[in-house]
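Just below is one structure, and these are the notes that go with it.
In the working numbering, the protein residues as written are -16 to 277.
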């Protein structure tokens, strides 16, 4: 019995050290990839103002999609099919937990949808809902492809106007406003899948189909994964559901095949950075974006 316990303890410790080592490596490599993008940027004097500084990174692709759009004075990061991610967890007030989640898993991911909207999933519950409502719910589809998820209220896909980079996204009475200075996050990354516009459109169509079916959030993450999703898992799987003529995935956004972390997406060989946003200590926005330059 002692030998069995010793082996079990050894395996557990080994798994802990391995996961820590892997997360450390991924954090270092993700930071390097982001730094390389920033360091390649050139100041864009034409677009810059006192409150918002722009820097462009040269793309050699004449067909490169815009990294952002501006409508009615509002800037919307990303283009159809892009993935917007934050590396910080949504729990900045919870010491240790915030650092742990940020280090191992990251923060949030959303898919840029049409007309300057995003489609994403979050695990926030409505009043009267319980996590167990989602954990024990068995998703079923009828012969017409309709799900039995209609009773689920909030921890399902949502389509909202793109909120990334919005200065007054959080009101003053929002508890988290002090952490991110009124923004959803005061630092985030725009990622682009290295594929065709047709594949990007197919992925957003997949996401919309899941939205229509009101698929539930997966609070177990690595368990019960077939019909339930969490934020980073959602954006990865809508892409990996796009298959070629041989029925194989066209892109792979999660190379390790385990829980999808934000860094997994950033470091995928099928991903490149198209946008980076951060707010400095003086409240000035710095926007680094990809554009084609002849």
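Cβ atoms here follow ideal geometry from the backbone N, Cα and C, with glycine treated the same way.
Checking 8 Å against the spacing of the C-beta atoms, do residue 259 and residue 271 come in under that value? One-based indexing of the chain shown puts residue 259 at position 276. One-based indexing of the chain shown puts residue 271 at position 288. Yes, the pair counts as a contact, with Cβ atoms nearer than the cut-off.
So residue 160 is in the beta strand (DSSP E); what residue range does that whole segment cover? Mapped onto the chain shown, residue 160 falls at position 177. No beta strand (DSSP E) contains residue 160, which is instead part of the alpha helix (DSSP H) from 160 to 163.
Per the contact definition of three or more C-beta pairs closer than 8 Å, is the region 128 to 148 in contact with the region 189 to 198? yes
Taking residue 221 as part of the beta strand (DSSP E), name the residues at either end of that continuous run. Translated into the one-based positions of the chain shown, residue 221 becomes position 238. Premise fails: residue 221 lies in the alpha helix (DSSP H), 214 to 223, not in any beta strand (DSSP E).
If you follow the alpha helix (DSSP H) that residue 34 is part of, which residue opens it and which one closes it? Taking the chain shown and counting its residues from 1, one reaches residue 34 at position 51. Per DSSP, residue 34 belongs to no alpha helix (DSSP H) and is neither H nor E.
By a C-beta neighbour count over all protein chains shown, 10 Å radius and 16 as the cutoff for buried, is residue 134 buried or exposed? In the chain shown, residue 134 corresponds to position 151, counting from 1. Under this definition residue 134 is an exposed residue.
Give every residue of the same chain whose Cβ lies closer than 8 Å to the Cβ of residue 274, excluding the five residues on either side of it in the sequence, and list them in chain order. Counting from one through the chain shown, the residue named residue 274 turns up at place 291. Result list for residue 274: 39, 40, 41, 42, 47, 49 and 50, in chain order.
Have a look at 146, 221, 156 and 152 and flag the residue whose alpha-carbon is nearest the alpha-carbon of residue 182. Position 199 of the chain shown, counted from the start, is the residue given in the question as residue 182. The shortest Cα separation from residue 182 among 146, 221, 156 and 152 belongs to 221.
Quick one: what does DSSP say residue 184 is sitting in, helix, strand or coil? Translated into the one-based positions of the chain shown, residue 184 becomes position 201. The answer is helix: DSSP assigns residue 184 an H, G or I state.
contact_flag[the region 158 to 175, the region 60 to 80] where n(CB pairs < 8 Å) is 3 or more: yes
Is it right to say residue 168 is buried, meaning 16 or more other beta carbons lie within 10 angstroms of its own, or is it exposed? Along the chain shown, one-based indexing puts residue 168 at 185. Answer is buried; the Cβ neighbour count reaches 16.
8 Å Cβ cutoff met for residue 215 and residue 249: On the chain shown, residue 215 is found 232 positions in, with the first residue counted as 1. On the chain shown, residue 249 is found 266 positions in, with the first residue counted as 1. Cβ distance not < 8 Å, so residue 215 and residue 249 don't count as in contact.
Rounded separation between residue 143 and residue 66 - CA only: Here residue 143 refers to the residue found at position 160 of the chain shown. Here residue 66 refers to the residue found at position 83 of the chain shown. The alpha-carbon atoms of residue 143 and residue 66 are separated by roughly 14 Å.
Rounded C-alpha distance that separates residue 54 from residue 192: Here residue 54 is taken as the residue at index 71 of the chain shown, counted from 1. Here residue 192 is taken as the residue at index 209 of the chain shown, counted from 1. Taking the straight line from one Cα to the other gives about 27 Å.
Extent of the continuous beta strand (DSSP E) to which residue 69 belongs: Residue numbering aside, residue 69 sits at position 86 when the chain shown is read from its first letter. Per DSSP, residue 69 belongs to the beta strand (DSSP E) from 66 to 69.
Determine the direct distance from the alpha carbon of residue 253 to that of residue 178, and round the result to whole angstroms. The residue labelled residue 178 in the question sits at position 195 within the chain shown. The residue labelled residue 253 in the question sits at position 270 within the chain shown. Computed Cα separation, rounded: 8 Å.
Measuring straight from C-alpha to C-alpha, what distance separates residue 201 and residue 27? As a first step, residue 201 is located in the chain shown; it is residue number 218 there, counting from the start. As a first step, residue 27 is located in the chain shown; it is residue number 44 there, counting from the start. Their backbone Cα atoms lie some 42 Å apart in a straight line.
Can you have a look at residue 33 and say buried or exposed, based on whether 16 or more other CB atoms are within 10 angstroms of its CB? Within the chain shown, numbered from 1, the residue matching residue 33 stands at position 50. Exposed, by the Cβ-count rule.
Of the residues 137, 85 and 7, which one's Cα is nearest the Cα of residue 105? Position 122 of the chain shown, counting from 1, holds the residue named residue 105. Comparing Cα positions, the closest option is 137.
C-alpha distance - residue 266 paired with residue 149, whole-angstrom precision: What you label residue 266 is simply residue 283 of the chain shown in a count that begins at 1. What you label residue 149 is simply residue 166 of the chain shown in a count that begins at 1. For residue 266 and residue 149, the distance between alpha carbons rounds to 13 Å.
Endpoints, the alpha helix (DSSP H) within which residue 248 is located: Counted from its first residue, the chain shown places residue 248 at position 265. Looking at the DSSP string, the run of the alpha helix (DSSP H) that includes residue 248 is 245 to 250.
C-beta atoms of residue 251 and residue 229 nearer than 8 Å: Numbered from its first residue, the chain shown carries residue 251 at position 268. Numbered from its first residue, the chain shown carries residue 229 at position 246. No, Cβ-Cβ distance for residue 251 and residue 229 is not below 8 Å.
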